[in-house]
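First up is the structure itself, then whatever we jot down about it.
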Amino acid sequence: MKFKIMLTLLLVFFLKQLVFGEKPDEEKFKPTISPYLKVQFWNAYSEGIQSADGARTQERLASYFRRGRAGLKGNLLPEISYNLMVSFDYLAKDENLSTKGTANAGTFSIWSFYFTWKLNSENDWLNITGGYFLPHLSRESTNSPWSVSSLDKAETSCYLRQFVTGKTNGISPGINIGGMGKIGTPTLLYNLSCVNRQDKTSIQTESWSPVVLGHFMLNFGDDEFQKYKYTFSNNVLKKQKSATLGVGFSKQGETDAFESSSTIGADATIYLGGLKMDGEYYRLSRKNESKYNAECAMGRVGYNIFLKKNWILEPVAMYQVFKGDDNYSDASFFDGSDKITDLGVNLISKPKNIKVNLHYIFHDGDGTKNHYISDEETPGNYAVLGIQFTI
1 MKFKIMLTLL
11 LVFFLKQLVF
21 GEKPDEEKFK
31 PTISPYLKVQ
41 FWNAYSEGIQ
51 SADGARTQER
61 LASYFRRGRA
71 GLKGNLLPEI
81 SYNLMVSFDY
91 LAKDENLSTK
101 GTANAGTFSI
111 WSFYFTWKLN
121 SENDWLNITG
131 GYFLPHLSRE
141 STNSPWSVSS
151 LDKAETSCYL
161 RQFVTGKTNG
171 ISPGINIGGM
181 GKIGTPTLLY
191 NLSCVNRQDK
201 TSIQTESWSP
211 VVLGHFMLNF
221 GDDEFQKYKY
231 TFSNNVLKKQ
241 KSATLGVGFS
251 KQGETDAFES
261 SSTIGADATI
271 YLGGLKMDGE
281 YYRLSRKNES
291 KYNAECAMGR
301 VGYNIFLKKN
311 WILEPVAMYQ
321 VFKGDDNYSD
331 ASFFDGSDKI
341 TDLGVNLISK
351 PKNIKVNLHY
361 IFHDGDGTKN
371 HYISDEETPG
381 NYAVLGIQFT
391 I
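Residue numbers (UniProt numbering): 1 to 391.
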């Protein structure tokens, strides 16, 4: 009888080990959690917004939180990480400033929430990301806003994301397969996604098609990427010689809003010592009653001057332009042109936790409806003294 009891206990113990994978001498992994806070605070001097009758709102100086993010990140298992982020962008913004964005009286919202599963612990070739995230359309669209050399991310990336996902921030529910690794001398980094459009017409549509998109990059010379990450840095803050060349695309079939929609383009980031240059060109096409075409392009150049005590001074210039066909209403998008020139200088701490910047923005354009002109209202030029910190 005692033998049967002992045999039963041993069998239960064996099954427990088989099911839960625990060993007497194995330390159980404890999930990790790390809170973080990231803030961009702007002091903006604005020319004011010009209305249809030619009147312009009064020039003003106003302060607000251009970008605010708080979140939690960590690992559920050694191979499964997570990131939950909430936003409070444009908090306390004056709606009559020439800077982009609507006034926010104190609203917080979910920005993104996704998991990444690294399928092979030996290399970075295969990672699956799922949840509510920013899909990879171009290099600039997924550059971290905390690392860009210009005052803000290029507005052309907002046009591209809005065209593909229905939202200017591009955050969408879906799944992504990505990874990186050496293929001879260069490093290949790839991302392929399948997501749902997030504009109201697509969510409540009878005709449904998923959005399939991807981005591929080859890094030549010095390594720009040390390991696979879902977002990219726009400035590595070190002297190196490298070139990273990328191509991106998206494709969607018929919905209630259009028959088909697609994008294709290329981007490049080049480092020559302290000099950094990057740019991209993307073409947007949509077919409905007629065919609609638009294009987005941007170029940016900066120079890292390495100071004492781990500080870097970076003068920078950027030019960007959007152009869209006149039949914008048939394609449910924008027409005319939107042009932005950014001249400024950044002071950056080497750990990247503090950045102070001073920029002047020249904003111009034409047309009936785009990010420059809407209801015959146009923004003026503006200057910004900003500070950014991350904890």
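We put the beta carbon where it would ideally sit given N, CA and C, even for glycine.
Keep in mind that this is a model prediction, so the values were computed, not measured.
- The residues K287, N288, in chain order, have a CB closer than 7 Å to that of E259 in the same chain once the five nearest residues on each side in sequence are set aside.
- Here T255 carries a coil assignment [DSSP, helix/strand/coil].
- The C-alpha of G48 is placed about 40 Å away from the C-alpha of G174.
- Going by DSSP, T156 is part of no beta strand (DSSP E) but of the alpha helix (DSSP H) stretching over 155-165.
- One Cα belongs to H359, the other to S112, and the distance between them is close to 29 Å.
- Bridge pairing for I128: W117, I177 [DSSP].
- If you look at Y382, you'll find it in the beta strand (DSSP E) that goes 382-390.
- Considering only A331, F306, D199, L218, the residue with the shortest C-alpha distance to T185 is L218.
- Closest option to K308, judged by alpha-carbon separation, among S349, Y328, S329, G273: S349.
- At a Cβ-Cβ threshold of 8 Å, Y303 and D338 do not count as neighbours.
- Proximity of the stretch 262-278 to the stretch 233-250 meets the contact definition, three or more beta-carbon pairs being nearer than 8 Å.
- Inter-segment contact for the stretch 152-166 and the stretch 215-232 is absent: fewer than three beta-carbon pairs are separated by less than 8 Å.
- Residue pairing for F133: DSSP places it in a beta bridge opposite S172.
- In the three-state DSSP reduction, S233 falls in the coil class, being neither helix nor strand.
- Counting only residues of its own chain and dropping the five nearest sequence neighbours on each side, Q388 has a CB closer than 6 Å to the CB of Q40, K355.
- Counting only unbroken stretches of 3 or more residues, the beta strand (DSSP E) elements lying wholly within the stretch 29-83 are 34-46, 60-77, in sequence order.
- A294 counts as buried, since no fewer than 16 other beta carbons sit within 10 angstroms of its beta carbon.
- Close CB contacts of I183 within its chain, under the 6 Å cut and outside five residues either way in sequence, are absent.
- By the CB criterion at 8 Å, V247 and V211 fall outside the cutoff.
- Each of P31, F65, I33 was checked against the Cα of L385, and the nearest Cα belongs to F65.
- Within 10 angstroms of the beta-carbon of S207 lie fewer than 16 other beta-carbons, which makes it exposed.
- Non-local C-beta neighbours of V148 in its own chain, meaning closer than 7 Å and more than five positions away in sequence, comprise N234, ordered along the chain.
- About 5 Å separates the beta carbon of T244 from that of E224, a gap short enough to meet the 8 Å contact definition.
- The beta carbon of A92 sits closer than 6 Å to those of Y64, all from its chain and outside the five residues before and after it, given in chain order.
- Rounded to whole angstroms, the gap between the alpha carbons of P78 and K118 is 9 Å.
- Under DSSP, the beta-bridge partners assigned to H215 are N191, G248.
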